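Engineer: Residue 51 in the numbering used here is what sits at position 67 of the sequence shown, and the numbering runs on without skipping anything. By construction, the Cβ of each residue, glycine as well, lies at the ideal position given by its N, Cα and C atoms. Since the model is a prediction, treat every value here as computed from it, not as a measurement.
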Amino acid sequence: MELGDILIVGGGLVGQNLAERLSRDGYNVTLVEQDPDKVGELSDLLDARIVEGNGATTPVLREAGIESAGLVVAATERDECNLVAGFLASHVFSTPHVVVRVRDPLHEDGFQKACAKQPSEGVCVNPDTASVDRIAALLEVPGAVDVMQFFGGGMLVAGFRISASSDFAGLRVSDMSLLFVDTPTLAVAVQRGRDWIVPGGTEAIEAGDLVYFAIARSELHDVLSLVGAPPERHGRIMVDGATSIGLALAKRLEASDERVVMLEDDRDVADRAASELNHVLVIRGRGTDQALLEEEQIDQVSTFVALTDDHESNLVAGLLAKRLGAGRSIVLVDNPAMVSMVGDMGMDAIISPRLLTIGQMIQHIRGGGVRSGAALLGDEVEIVEVEAEAGCLLVSGPLMEVKLPPGVLVVALQRGEDLMVPRGPDRVLAGDRVLIAVESRKSLELEKFTKA
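(1) Is it buried or exposed for D63, if we count other Cβ within 10 angstroms and need 16 for buried?
(2) Report the rounded CA-to-CA distance for T503 versus A200, giving the unit in angstroms.
(3) Can you name the start and end residues of the alpha helix (DSSP H) that F433 belongs to?
(4) So, is the C-beta of E51 closer than 8 angstroms to a C-beta in chain D?
(5) With DSSP as the reference, identify every bridge partner of P214, one or two as the case may be.
(6) Near G138, which residues of its chain fall below 6 angstroms by C-beta distance, leaving aside the five closest residues on each side in sequence?
(7) Determine the direct distance from the alpha carbon of A290 to that of D332, and round the result to whole angstroms.
(8) For M132, count neighbouring C-beta atoms within 10 Å of its own C-beta (all shown protein chains included) and say buried if the count is 16 or more, exposed if not.
(9) Decide if V(-7) is buried, meaning its Cβ has at least 16 other Cβ atoms within 10 Å, or exposed.
(10) Check whether the Cβ atoms of V379 and K426 sit closer than 8 angstroms, and answer yes or no.
(11) Hey, out of H91, V16, D318, whose CA is closest to I334's CA?
(12) Give me, in chain order, the residues of the same chain whose beta-carbon lies closer than 8 angstroms to that of E51; leave out the 5 immediate sequence neighbours on both sides.
(13) Helix, strand or coil for M(-15) per DSSP?
(14) In this structure, how does DSSP classify L360 when only helix, strand and coil are distinguished?
(15) Tell me, which residues are paired with G106 by DSSP?
(16) Measure the alpha-carbon distance for G106 versus A73 and round it to whole angstroms.
(17) How would you label E(-14), buried or exposed, when you count the other beta carbons within 10 angstroms and need 16 or more for buried?
(18) Around the Cβ of R217, are there at least 16 other Cβ atoms within 10 angstroms (buried) or fewer (exposed)?
(19) Count the other C-beta atoms from every protein chain shown that fall within 10 angstroms of the C-beta of E401, then say buried if there are 16 or more, exposed otherwise.
(20) Just grab the DSSP bridge partners of G143 for me.
(21) What residue range is occupied by the uninterrupted beta strand (DSSP E) comprising A254?
(22) For G185, which residues from the same chain have a beta carbon less than 8 angstroms from its beta carbon, with the 5 sequence-adjacent residues on both sides left out?
(23) Looking only at its chain, what residues have a beta carbon closer than 7 angstroms to the beta carbon of E92, apart from the 5 residues adjacent to it on each side?
(24) Is DSSP giving E280 helix, strand or coil here?
(25) Return the CA-CA distance between A53 and A128, expressed in angstroms with no decimal places.
(26) My guess is that L140 and V116 are in contact by the Cβ rule of under 8 angstroms, so how many angstroms apart are they, rounded?
(27) Please report the residue range of the alpha helix (DSSP H) in which G302 lies.
(28) Go through its chain and collect everything with a Cβ distance to A258's Cβ below 7 angstroms, but skip five positions before and after it.
(29) Compute the Euclidean distance between the alpha carbons of G375 and E385, then round it to the nearest angstrom.
(30) Along the alpha helix (DSSP H) that carries L413, what are the first and last residues, could you check?
(31) Using 8 angstroms as the threshold, is the stretch 219 to 234 in touch with the stretch 179 to 199, meaning 3 or more CB pairs across them?
(32) For a test of your reading of the model: does the CB of L2 fall under 7 angstroms from any non-hydrogen atom of the ligand MG? Yes or no.
(33) What residues are listed by DSSP as bridge partners for P382?
(34) Using the C-alpha atoms, what's the distance from V82 back to H75?
(35) Hey, could you find the ends of the alpha helix (DSSP H) M345 is sitting in?
(36) Decide yes or no for the touch test of the stretch 31 to 43 against the stretch -3 to 15: beta carbon pairs closer than 8 angstroms, at least 3 of them.
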């Protein structure tokens, strides 16, 4: 994707992080922010042009250089502001690529329909939907702290904390083929302390590492037993908070015939939730109420998910639920800096809608046949799924001769219905779907191999 200049509307955590990432990748970035105090802070923090003003108005967008922009990202906290900025970019200025952050599905549907007949490519990123998708994926994989799906759900990339008793402790990455002779499974990224590694074959896995594995869904059970993941506990799922994310998750779970109980302290909100849900028991109360949790037999709950708008309470509720015997605890804490501390805080998984939003936006910005992508915890490593294009360097010869740079690893291939972990002598063919792990700072180098 030839983007040229990039214009970001909104200098919150999402806009700031995007501007930092894209500036680091060598793009010319302009960021529009209305708050004058924040403008001063951003000017000191970012290697980007900062424009003060309302990014949902044509004069400010013109001042920011929208007429030369190849991409506009509307990333404020308000749907309405993002939609107006997106409409102006696509319908007035004919910006080639427009990405807007929205939470209301009706807004999302309206924007996509409005852009359908425009020459601009209009894309919506919904942090609530991304959060529900990530929680649902986590619920499928016992013991995982993070899970992503690729190849239409046929391949999982799941992160596990490696214990000293795990069969993987002390194992070199190149020796994994001894455990998985016919199974496409590979260690794709390792967090050791504060460092992230895209491992080569000689890298050894150590106890205490957070290791991400690419796993064929059909082989998940065998991998879980070797990782040393705790056995799956069957029981109710307890959702704390009838927020938009909590309701969307409860609806998805009840559609899958899961047994779900929801806690909500506000009477009116609880009543509305009960009227929208068919088979979910909605109980008045807070997840931080120990007596209530014990009364509702928290020790028989398979997973406790804290999704209220009070993120500090979510942490307290998650820790309390674990202490009282819940099988797993997943909490929403929308602070990207805390996500990588999941193991230190005693949580099984932490969900950050902002970090998920950033990952999805980066996915839409990347070129070179990228079909999907996600950032791992800590945002230092990305997993991208690309369709190999005829004429690109990736298909120019055996992988050992393609000479991908350090920090870039071809994880898996899907060729027709077949999944495989390629070795050095194997070739990527045009039309293959290729899963690649890449250190975020090397993402532009990867594009040189995936673009024809």
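Structural biologist: If we stick to the structure as given:
(1) Position 79 of the sequence shown holds residue 63. With 16 or more Cβ atoms within 10 Å of its Cβ, D63 is classed as buried.
(2) Limits of the chain in this structure are -15 at one end and 436 at the other, which puts residue 503 out of reach.
(3) Translated into the one-based positions of the sequence shown, residue 433 becomes position 449. 427 to 434 is the extent of the alpha helix (DSSP H) around F433.
(4) Here there is only one protein chain, and chain D is not present.
(5) Position 230 of the sequence shown, counted from the first residue, corresponds to residue 214. Partner(s): none; P214 has no beta bridge.
(6) Numbered from its first residue, the sequence shown carries residue 138 at position 154. Cβ within range, chain order: R201.
(7) Reading the sequence shown from its first residue, position 348 is the one you call residue 332. Reading the sequence shown from its first residue, position 306 is the one you call residue 290. Near 12 angstroms, if we compare the C-alpha coordinates of A290 and D332.
(8) The residue labelled residue 132 in the question sits at position 148 within the sequence shown. Under this definition M132 is a buried residue.
(9) Within the sequence shown, the letter at position 9 stands for residue -7. When all chains shown are included, V(-7) counts as buried.
(10) Translated into positions along the sequence shown, residue 379 becomes position 395. Translated into positions along the sequence shown, residue 426 becomes position 442. Contact flag unset, no.
(11) The residue given as residue 334 occupies position 350 in the sequence shown. That would be D318, whose Cα lies nearest to the Cα of I334.
(12) Looking up residue 51 in the sequence shown gives position 67. Correct list, in chain order: F77.
(13) On the sequence shown, residue -15 is found 1 positions in, with the first residue counted as 1. Interpretation of M(-15) is limited by its pLDDT of 42, a score under 50 that renders its predicted location unreliable; no figure is taken from the coordinates.
(14) Residue numbering aside, residue 360 sits at position 376 when the sequence shown is read from its first letter. Note: L360 maps to coil in three-state DSSP.
(15) Counting from one through the sequence shown, the residue named residue 106 turns up at place 122. DSSP lists V82 as partners of G106.
(16) By 1-based counting over the sequence shown, the position of residue 106 is 122. By 1-based counting over the sequence shown, the position of residue 73 is 89. Those two C-alpha atoms are separated by around 10 angstroms.
(17) On the sequence shown, position 2 is the one that residue -14 refers to. Note that E(-14) has pLDDT 49, beneath the 50 cutoff, so the model's placement of it is unreliable and no number is given.
(18) Position 233 of the sequence shown, counted from the first residue, corresponds to residue 217. Burial call: exposed.
(19) Locating residue 401 in the sequence shown gives position 417, counting from the first residue. When all chains shown are included, E401 counts as exposed.
(20) Along the sequence shown, read from residue 1 onward, the residue named residue 143 stands at position 159. According to DSSP, G143 bridges with D130, Y196.
(21) Residue 254 sits at position 270 when you count from the first residue of the sequence shown. Note, A254: premise wrong, no beta strand (DSSP E); alpha helix (DSSP H) at 251 to 260.
(22) Looking up residue 185 in the sequence shown gives position 201. Closer than 8 angstroms at Cβ, skipping near neighbours: R156, V157, S158.
(23) Position 108 of the sequence shown, counted from the start, is the residue given in the question as residue 92. Once the five neighbours on either side are set aside, the close Cβ partners of E92 are V86, C108, N110.
(24) Sequence index remark: in the sequence shown, residue 280 carries index 296 (1-based). Coil.
(25) One-based indexing of the sequence shown puts residue 53 at position 69. One-based indexing of the sequence shown puts residue 128 at position 144. When rounded, the distance between both Cα atoms is 40 angstroms.
(26) Counting from one through the sequence shown, the residue named residue 140 turns up at place 156. Counting from one through the sequence shown, the residue named residue 116 turns up at place 132. With 8 angstroms as the limit, L140 and V116 do not qualify as a contact, their Cβ atoms being about 17 angstroms apart.
(27) Start at 1 with the first residue of the sequence shown, and residue 302 comes out as number 318. Here the alpha helix (DSSP H) through G302 covers 295 to 307.
(28) As a first step, residue 258 must be located in the sequence shown, where it is residue number 274. Closer than 7 angstroms at Cβ, skipping near neighbours: V266.
(29) Along the sequence shown, one-based indexing puts residue 375 at 391. Along the sequence shown, one-based indexing puts residue 385 at 401. Whole-angstrom Cα-Cα distance: 15 angstroms.
(30) For this step, residue 413 is matched to residue 429 along the sequence shown. Neither: L413 is in no alpha helix (DSSP H) and is coded neither H nor E.
(31) no
(32) Absent from the structure shown: the ligand MG. Ligands present: none.
(33) Here residue 382 refers to the residue found at position 398 of the sequence shown. P382 pairs with R411.
(34) Translated into the one-based positions of the sequence shown, residue 75 becomes position 91. Translated into the one-based positions of the sequence shown, residue 82 becomes position 98. Each residue's Cα considered, the two are about 10 angstroms apart.
(35) To locate residue 345, count along the sequence shown from 1; it is residue 361. Element bounds for M345: 337 to 349.
(36) yes
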